[in-house]
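Undergrad: FYI, the numbering for the sequence shown is -23 to -1, 1 to 519, going by mature numbering (1 follows the signal peptide of the UniProt record, and there is no 0). Beta carbons: idealized from backbone N, C-alpha and C, even for Gly. My questions will all concern the structure given below.
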Amino acid sequence: MSKQWKKLLVTFMLLFVLGILTACNDSDADSDGEDTSDGETSGAAMEDYGVGDTFKATEPVTFTTLFSDHPNYPIKDDWMLFEKIKELTNVELDITAVPFSDYADKRSLLISSGDAPYIIPKTYPGEETPFVSSGAILPISDYVDMMPHYQDKVEKWEIEPFLEGLRQQDGKYYVLPGLHENVWPDYSLAIRTDILEELGLEEPKTWEELEVVLEEMKKAYPDSIPFSDRFKFDSTLNIAAVGFDTQAGWGLGNMLDYQEDTDEFIFSPATENYRSMVEYFHGLVEKGLLDPESVTQEDEPAVEKFTSGKSFVINTNGQTLTQYRDTMDESLGADNYSIKKIVVPGGPAGDLMTGSKLENGIMFSAAAKDDPNFETMLQFIDWMLYSDEGLEFNKWGVEGETYTKENGEYVLAEDITFRGMNPDAEKDLQIDFGFSGGNFSYGGPTELLHSMFNEEEIEFQNAMLETKELVLPDPPIKYDAMQLEQSSLLSTPLKDHVTQNTLKFIVGERSLDEWDTFVQELEAKNMQGYVDLANQVYQESK
């Protein structure tokens, strides 16, 4: 081989290697593994679409979507919602409506068979996990660079720590969640404030103070059990747990609690913090302050006790508080009582609050990516769910038709009713127009969320945000499909045992002297194996 040829060959090989290295570096530039921002638009997408822009496809397009059909406001083809979507955005929705009660099952069948519509709304975080390994749904985090309003909200509202919990083992997330500017606490305790005033008591700020209040109520009304609860006590355990630095009730979840100092998870119901919470509520039962039927009774008898004046404290949210008042106006007389949803009491761990800035959101069929109008669809969803204009549209409808604004305040049109506004109006914002529905109206700025709250609820929300420290979510445990199945098999008997015995300890069916035995029973149900699996997956995938 000649020297000249050898030089050419060496030069060629160097250029080839440099080309490979450059390509590798380029592919690593996108954190989620796929560079989608080539600067060119496709299909009917807007060319210069950005934050603050109103989306409108450059030509008429149709997108298929699943739709959860709620019995309280069944879908109507002539809803203004659909009419205005088409008029404003040039998008027509080809809807597959599924009854609310069958939605999860039907959604699963459609995805598994490959027949799912492109847009799959009303998906709660975690519900997407079974479909990830099959490739049937899209890793939407690869494509959020096409969604400027979404990215803007994520940055401004500091959403990233909450998105971490959505990421699967591959580091991507597969559901596009609704976003809230702030955590939105809903449940707390309703208390008879007229009784507090009668006894010269202040609203309790801690669980210890609540116990004192209940004791004074019991002294004044010895035949009563002051606190009789609903929701099988799960809501109260949930709101109380964070103040004891644990998790319980509706918030029991995976029963794992992350320890930052050791960078590992522990089994929360086996801790002293959990025991302290259980001891507190058992003490209330033992003193006759908490109705032991709280853990077994249905909602109706619990509500009847409260609204008839037999009890003075019950769990509530904003909506049920209004229902209590409606009943008590009849049973006690509007001028003979007063109730309030108090700020959730603080506990030994402090004035803490858990919650998420995420709501249910949207999955996308993997087939959507191959549609020539895929970018158009993402721009449409970005405007609908994440722009201030789209969020307002989905919640309130059309300015000048369903609502007006007066001094910055939203005012529902006189002939339309919703959530107690204009109660005598003949038309309903949800039922007759389709707005504020569960498929496309969720999340948004706190000001927009508060726009449909009464003053009392706004006061509660503000007080929670001002007095509570938000506990950020634990880091995610990114199970794959097989690991998730194994974890579920291990966790189910543990969770059943925890739930049953927590309530037994509280009402006194089981003595707290048997706590160590209870922990041994959890160990016999392979508690350590469950925790070890979680920590192994966490360490390998973080």
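Under 9 Å between the Cβ atoms of T183 and G220?
TA: Taking the sequence shown and counting its residues from 1, one reaches residue 183 at position 206. Taking the sequence shown and counting its residues from 1, one reaches residue 220 at position 243. In this structure, G220 lies closer than 9 Å to T183 by Cβ.
Undergrad: Under three-state DSSP, which class holds S418?
TA: Taking the first residue of the sequence shown as position 1, residue 418 is located at position 441. If DSSP states are grouped into helix, strand and coil, S418 belongs with coil.
Undergrad: Quick one: which unbroken alpha helix (DSSP H) runs of 4-plus residues sit fully inside the segment 238 to 314? Chain order, please.
TA: Listed in chain order, they are 249 to 263, 276 to 284 and 295 to 305.
Undergrad: Measuring only the C-alpha atoms, how far is T(-2) from E24?
TA: Counted from its first residue, the sequence shown places residue -2 at position 22. Counted from its first residue, the sequence shown places residue 24 at position 47. Since pLDDT at T(-2) reaches only 38, below the 50 mark, its modelled position is unreliable, and the value read off the structure follows with that caveat. For T(-2) and E24, the distance between alpha carbons rounds to 29 Å.
Undergrad: Please indicate yes or no: does the CB of H474 lie closer than 8 Å to some heavy atom of the ligand PLP?
TA: As for the ligand PLP, it is missing from this structure, which has no ligand bound.
Undergrad: When DSSP labels each residue in this structure, what does M429 get in the three-state scheme?
TA: Numbered from 1 along the sequence shown, position 452 holds the residue referred to as residue 429. M429: coil per DSSP, three-state reduction.
Undergrad: Using only the alpha-carbon positions, how far apart do G411 and W492 sit?
TA: What you label residue 411 is simply residue 434 of the sequence shown in a count that begins at 1. What you label residue 492 is simply residue 515 of the sequence shown in a count that begins at 1. Using only the alpha carbons, I get a separation of about 52 Å.
Undergrad: Once the 5 residues before and after V496 are set aside, which same chain residues still bring their CB inside 7 Å of it?
TA: Counting from 1 along the sequence shown, the entry for residue 496 is found at position 519. Cβ neighbours of V496 beyond the five flanking positions: A247.
Undergrad: Which class does E158 belong to by DSSP, given the choice of helix, strand or coil?
TA: Against the sequence shown, residue 158 aligns to sequence position 181. It is coil, neither helix nor strand.
Undergrad: Thinking C-beta only, is I62 closer than 9 Å to L43?
TA: Counting from one through the sequence shown, the residue named residue 43 turns up at place 66. Counting from one through the sequence shown, the residue named residue 62 turns up at place 85. Contact flag unset, no.
Undergrad: Identify whether A501 lies in helix, strand or coil by the three-state DSSP scheme.
TA: Walking along the sequence shown from the start, residue 501 turns up at place 524. In the structure shown, A501 sits in a helix (DSSP, three-state: H, G or I).
Undergrad: Within 10 angstroms of the Cβ of N297, are there 16 or more other Cβ atoms? Answer buried if so, exposed if not.
TA: The residue given as residue 297 occupies position 320 in the sequence shown. At residue 297 the sequence reads Thr, which differs from the Asn that was named. Looking at its Cβ environment, which holds 16 or more other Cβ atoms inside 10 Å, T297 is buried.
Undergrad: Answer with buried or exposed for P181, where buried requires no fewer than 16 other C-beta atoms within 10 angstroms of its C-beta.
TA: Within the sequence shown, residue 181 is the residue found at index 204, counting from 1. Buried, by the Cβ-count rule.
Undergrad: Going by the CB atoms, is the gap between Y95 and F40 shorter than 9 Å?
TA: Working through the sequence shown from its first residue, we reach residue 40 at position 63. Working through the sequence shown from its first residue, we reach residue 95 at position 118. Yes, the pair counts as a contact, with Cβ atoms nearer than the cut-off.
Undergrad: What three-state label does DSSP hand S464 in the structure shown?
TA: In the sequence shown, the residue the question calls residue 464 occupies position 487. In this structure, S464 counts as helix in the three-state DSSP scheme.
Undergrad: Touching or not, the segment 166 to 177 and the segment 341 to 352, by the rule of three or more beta carbon pairs under 8 Å?
TA: The segment 166 to 177 is not in contact with the segment 341 to 352.
Undergrad: Nearest CA to the CA of P479: which residue from G377, L70, L214 and S89?
TA: Here the question's residue 479 lines up with position 502 in the sequence shown. Residue 479 is actually Thr in this sequence, not Pro. Among G377, L70, L214 and S89, the Cα nearest to that of T479 belongs to L214.
Undergrad: Quick check on the DSSP output: the beta strand (DSSP E) that includes L87 runs from which residue to which?
TA: For this step, residue 87 is matched to residue 110 along the sequence shown. No beta strand (DSSP E) holds L87; the alpha helix (DSSP H) holding it covers Y80 to S90.
Undergrad: Roughly how many angstroms lie between the CA atoms of V388 and T381, to the nearest whole one?
TA: The sequence position of residue 388 within the sequence shown is 411, counting from 1. The sequence position of residue 381 within the sequence shown is 404, counting from 1. Spanning the two alpha carbons is a distance of roughly 5 Å.
Undergrad: Please name the residue or residues paired with R144 in a DSSP beta bridge.
TA: To locate residue 144, count along the sequence shown from 1; it is residue 167. Beta-bridge pairing links R144 to no other residue.
Undergrad: Is residue 529 helix, strand or coil by DSSP?
TA: No answer is possible for residue 529: it lies beyond the span of the chain, which begins at -23 and ends at 519.
Undergrad: The beta strand (DSSP E) spanning M340 covers which residue range?
TA: In the sequence shown, the residue the question calls residue 340 occupies position 363. L335 to F341 is the extent of the beta strand (DSSP E) around M340.
Undergrad: Report yes if the CB atom of A74 is closer than 9 Å to the CB atom of R84, and no otherwise.
TA: Along the sequence shown, read from residue 1 onward, the residue named residue 74 stands at position 97. Along the sequence shown, read from residue 1 onward, the residue named residue 84 stands at position 107. Taking 9 Å as the Cβ cut-off, A74 and R84 do not qualify as a contacting pair.
Undergrad: For Q505 and Q236, what's the separation of their Cα atoms in angstroms?
TA: Stepping through the sequence shown from its first residue, residue 505 is reached at position 528. Stepping through the sequence shown from its first residue, residue 236 is reached at position 259. Taking the straight line from one Cα to the other gives about 16 Å.
Undergrad: Use the C-beta contact count for T444: other C-beta atoms within 10 angstroms, 16 or more gives buried, fewer gives exposed.
TA: Within the sequence shown, numbered from 1, the residue matching residue 444 stands at position 467. Exposed.
Undergrad: By Cβ distance, which residues of its chain are closer than 6 Å to I88, with the 5 residues on each side in sequence left out?
TA: As a first step, residue 88 must be located in the sequence shown, where it is residue number 111. These residues qualify, in order along the chain: F108 and A113.
Undergrad: Within 10 angstroms of its Cβ, does M254 collect 16 or more other Cβ (buried), or is it exposed?
TA: For the purposes of this step, residue 254 is taken as residue 277 along the sequence shown, with counting starting at 1. By the 10 Å Cβ count, M254 comes out buried.
Undergrad: Would you call the segment 146 to 161 in contact with the segment 390 to 402, where contact means no fewer than 3 C-beta pairs closer than 8 Å?
TA: Not touching, per the Cβ criterion.
Undergrad: Let's test the definition: count the other Cβ atoms within 10 Å of the Cβ of A501 and tell me whether it reaches 16, buried, or not, exposed.
TA: Within the sequence shown, numbered from 1, the residue matching residue 501 stands at position 524. By the neighbour-count rule (16 or more Cβ atoms within 10 Å), A501 is not buried but exposed.
Undergrad: For the putative contact between V320 and M441, defined by C-beta atoms under 8 Å, what is the C-beta separation to the nearest angstrom?
TA: Position 343 of the sequence shown, counted from the first residue, corresponds to residue 320. Position 464 of the sequence shown, counted from the first residue, corresponds to residue 441. Contact holds; Cβ gap of about 6 Å.
Undergrad: Taking Cβ to Cβ, would you say P154 is nearer than 9 Å to P102?
TA: Position 177 of the sequence shown, counted from the start, is the residue given in the question as residue 154. Position 125 of the sequence shown, counted from the start, is the residue given in the question as residue 102. Against a cut-off of 9 Å, the Cβ pair of P102 and P154 comes out as a contact.
Undergrad: Is the beta carbon of V262 less than 9 Å from the beta carbon of I483?
TA: Position 285 of the sequence shown, counted from the first residue, corresponds to residue 262. Position 506 of the sequence shown, counted from the first residue, corresponds to residue 483. For V262 and I483, yes; Cβs fall inside 9 Å.
Undergrad: K481: which of S418, K334 and K209 sits nearest, CA to CA?
TA: Within the sequence shown, numbered from 1, the residue matching residue 481 stands at position 504. The residue with the shortest Cα to Cα distance from K481 is K209.
Undergrad: If we ignore side chains and look at the alpha-carbon of each, how far apart do I408 and P453 end up?
TA: What you label residue 408 is simply residue 431 of the sequence shown in a count that begins at 1. What you label residue 453 is simply residue 476 of the sequence shown in a count that begins at 1. Rounded to the nearest angstrom, the two C-alpha atoms are 39 Å apart.
Undergrad: Could you check the C-alpha separation between N371 and F32 for me, to the nearest Å?
TA: Here residue 371 is taken as the residue at index 394 of the sequence shown, counted from 1. Here residue 32 is taken as the residue at index 55 of the sequence shown, counted from 1. If I take the Cα positions, the gap works out to 14 Å.
Undergrad: Going straight from the alpha carbon of D206 to that of V28, what length do you get?
TA: Counting from 1 along the sequence shown, the entry for residue 206 is found at position 229. Counting from 1 along the sequence shown, the entry for residue 28 is found at position 51. The straight-line gap from Cα to Cα measures roughly 47 Å.
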